[in-house]
Every structure is written in structure tokens, then in C-alpha cells.
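Asker: Read top to bottom, the protein sequences are chains E and P.
Residue 85 is where the first sequence ends in our numbering, and the numbering goes up by one at each step.
Residue 169 is where the second sequence ends in our numbering, and the numbering goes up by one at each step.
Just passing along the structure, written as C-alpha cells.
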Amino acid sequence: MEPLFKEGDRIVINRWAYIFSKPTPGDFVTFEHPNKKGKVLLKKIKKVVGDESLVTGINENDSEDSRRFGKIKGDKILGKVWFKY
Amino acid sequence: MIKVSLFMIKKILGFLDKIAPPQKVYAHCDIPCGIYDPHQAQVAAHTAIRMTKMLVDLDEKDDKKADHQIVRLTKVKEEHAELVKHEVRIIWGDFFKQEHIGKNPGLHDLVFNIMKLASKVKQEINEDAANELLSKVQEFAEIFWRAKGLEPMRIKSGSSTEGEIVSHK
């Protein structure tokens, strides 16, 4: 996700961001890896189809994302990135 | 004033991190090096061929020497056949994406064959299997370079197997 997020950056996520609104393309979200329990990923929403989001990394050529593990359901999103520090 | 506020927020967040460490999140599932090359798999396949050939040609007049040499050659053959499997698995699992599979529908079968052949090379002293393994790995390398948008080409390996290595133009 460099250069936007670098290793060691700390981020604050809003866990209630999608209570009254829906995920939107361009949002950065965190969610548990669909195939690796306990591993939380940070990706950008590229497209929203119904209740599911297609997520990708910024560097699409090097990213493992929805093209490999499929779309992410809305209830699997842990939160929207609020800011980094 | 804004600078002071930001400084204070950072200090407060830093303090909160100490009493309640934040959870780790990953922007990538593995190290995002983006560096993949089927060269190592091919070199390992060449080595497996060479070790197999040396085992076939082994002079067994001196039992002790022969035993010693069998152990050494078999060890290297095992390691390099395993290396073929490792290198191919990494490229298959980390580099290739669904769009590549669409263009190369035989890729999964090819990788499956490579895994099986590499096991056979480990289990037996079988020159045909070792040569077939290299041939399949070369085929895999050609698909890889095409997927990277590069035209593959075969060059002489220059090694004692006198075989080829797939590189690109």
C-alpha cells in the first residue's frame, strides 16, 4: 500500500462508519482475511456490488486481493480508516 | 495552535498505544516484493537431472566410496527436487492471478504435474522423469514470462546437463 501507508504506520479505524452509510469506492477498510483466520488486512474498496465490496491494494500488480480471495461481505468489514499517525 | 493540537493528539494516541497496543493490520498478505523469477526452479531441475545421471553412472567397485557418493548425490537430488516444488509453488500461488489462469487454462494441471514429477525424481533414480520435470518447468517459465508481457526465449544453460534455460527477450 506504499506510499500511502508504510510499514509501522498506525491507523485509527471507525468501526461504526457503515452503520448509517454504505461502503463507497475509494474507502480504505480493514477486514479479516477470508482464508487466514485472525489476519486483518487493509485494502481499498474498488467497487461495491450489492452487499459486497471488491477490494484491491494500491499497487494492484503486487497485491493479493479480491481477485484472489473474492469479494468481502459488508458484515465482514471491521471498519473504515479514519486517519493515520 | 494547530501544530500544538496535533502534537498533543499524537502524544495522547502514543500513550493509548502503550496501555492498549493496537492490533496489527496487513496491507499485503506476504512481503510485497513483486520479485518473481522461474530461473531458480530451472537451475534446481537441471541439478536434479545431473544428480540422477551421476547416480546412474556411479562406479560401484569400491563399496565404501560408492555408499558415500550415493548418500551425497541422493541428498542433493532430494533438496533440488524439493526446491523446484517450492519455487514453482511460490510463483503459482503468489504471482499468478485469476486473469492469468483464464489465458492459460492448463496452468493448474501443469503445476500439478510438476509437483508429481518432482516427487518421482526424489523417489526414483529416473532420468526420464528428471528430464520431463525440466521440460515442464520450462513450460511453466514460458507461461510466466508471457504473463509478465515478455517474450520468452530458450538459451543454453551452459551447465553439464547441456540443456536449456527459459529466459526472455
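Cβ coordinates follow ideal geometry from the N, Cα and C atoms, glycine included.
Could you tell me whether any Cβ in chain E is nearer than 8 Å to the Cβ of K24/P?
Answerer: It does; some Cβ of chain E falls within 8 Å.
Asker: So is I186/P buried or exposed if we call it buried at 16+ other beta carbons inside 10 Å?
Answerer: This structure does not reach residue 186/P, given that chain P is present from 1 up to 169, and the question cannot be answered.
Asker: Name the residue from E132/P, E87/P, E162/P, M51/P whose alpha carbon lies nearest to the alpha carbon of I70/P.
Answerer: Checked all of E132/P, E87/P, E162/P, M51/P; the closest Cα to I70/P is M51/P.
Asker: Taking V81/E as the reference, which of V25/P, L58/P, H39/P, E99/P has the closest Cα?
Answerer: Answer by Cα proximity: V25/P.
Asker: Closer than 8 Å by C-beta to A41/P: which residues in its own chain qualify, once you throw out the five before and the five after it? Chain order, please.
Answerer: Correct list, in chain order: L83, V84, E87, V88, I91, V137, F140, A141.
Asker: Can you tell me which of the three DSSP states N14/E falls into?
Answerer: DSSP places N14/E in strand when its eight states are reduced to three.
Asker: Have a look at the DSSP bridge pairing and note the partners of F28/E.
Answerer: According to DSSP, F28/E bridges with K44/E.
Asker: Could you compute how far the alpha carbon of P171/P sits from the alpha carbon of D37/P?
Answerer: Coverage of chain P is limited to positions 1 through 169, which leaves residue 171/P absent and any answer about it impossible.
Asker: Alpha carbon to alpha carbon, how far is K43/E from G8/E? Give it in angstroms, no decimals.
Answerer: Taking the straight line joining both Cα atoms gives about 16 Å.
Asker: Counting Cβ pairs closer than 8 Å, one from the segment 16-26 of chain E and one from the segment 67-82 of chain E, do we hit at least three?
Answerer: Segments in contact, yes.
Asker: Would you list the one or two residues that DSSP bridges to P152/P?
Answerer: Partner(s): H168/P.
Asker: Restricting to Cα atoms, I'd like to know which of R154/P, H39/P, I125/P, V166/P is closest to K77/P.
Answerer: Among R154/P, H39/P, I125/P, V166/P, the Cα nearest to that of K77/P belongs to I125/P.
Asker: For S53/E, which residues does DSSP report across the bridge?
Answerer: Bridge partners of S53/E: V48/E, I72/E.
Asker: Can you give, in chain order, each stretch of the alpha helix (DSSP H) that sits fully within the segment 39-95 of chain P and has at least 4 residues?
Answerer: Runs of the alpha helix (DSSP H) inside the segment 39-95 of chain P: 39-56, 63-90.
Asker: Below 8 Å between beta carbons: does that hold for R67/E and Q98/P?
Answerer: Yes. Within cutoff.
Asker: Whose C-alpha, out of I143/P, G158/P, L6/P, is nearest the C-alpha of P152/P?
Answerer: Cα-wise, what sits closest to P152/P is I143/P.
Asker: Check each candidate in V40/E, E52/E, G38/E and name the one with the smallest Cα separation from P23/E.
Answerer: With distances taken between Cα atoms, P23/E lies closest to E52/E.
Asker: The beta strand (DSSP E) with L150/E in it runs from where to where?
Answerer: Only positions 1 to 85 of chain E appear in the structure, and residue 150/E is not among them; the question remains open.
Asker: In chain P, which residues lie with their C-beta within 7 Å of the C-beta of T56/E?
Answerer: Going along chain P, no residue has its Cβ under 7 Å from T56/E, so there is no contact; the nearest lies around 11 Å.
Asker: Anyone know if the C-beta pair for A129/P and L117/P falls short of 8 Å?
Answerer: Taking 8 Å as the Cβ cut-off, A129/P and L117/P qualify as a contacting pair.
Asker: Tell me, please, whether the CB atom of R15/E is closer than 8 Å to any CB atom in chain P?
Answerer: Judged by the 8 Å Cβ criterion, R15/E is not in contact with chain P.
Asker: Cβ closer than 9 Å: which chain E residues qualify as neighbours of A20/P?
Answerer: The contacting residues do not exist; A20/P stays about 12 Å from chain E at best.
Asker: Which residues in chain P sit within 8 Å of V49/E, going by Cβ to Cβ distance?
Answerer: Under the 8 Å cutoff, chain P gives no residues; its nearest Cβ is about 16 Å from V49/E.
Asker: With a threshold of 16 other CB atoms inside 10 Å of the CB of I19/P, please say whether the residue is buried or exposed.
Answerer: Label assigned to I19/P: exposed.
Asker: Just how far apart, CA to CA, sit D59/P and L73/P?
Answerer: About 13 Å.
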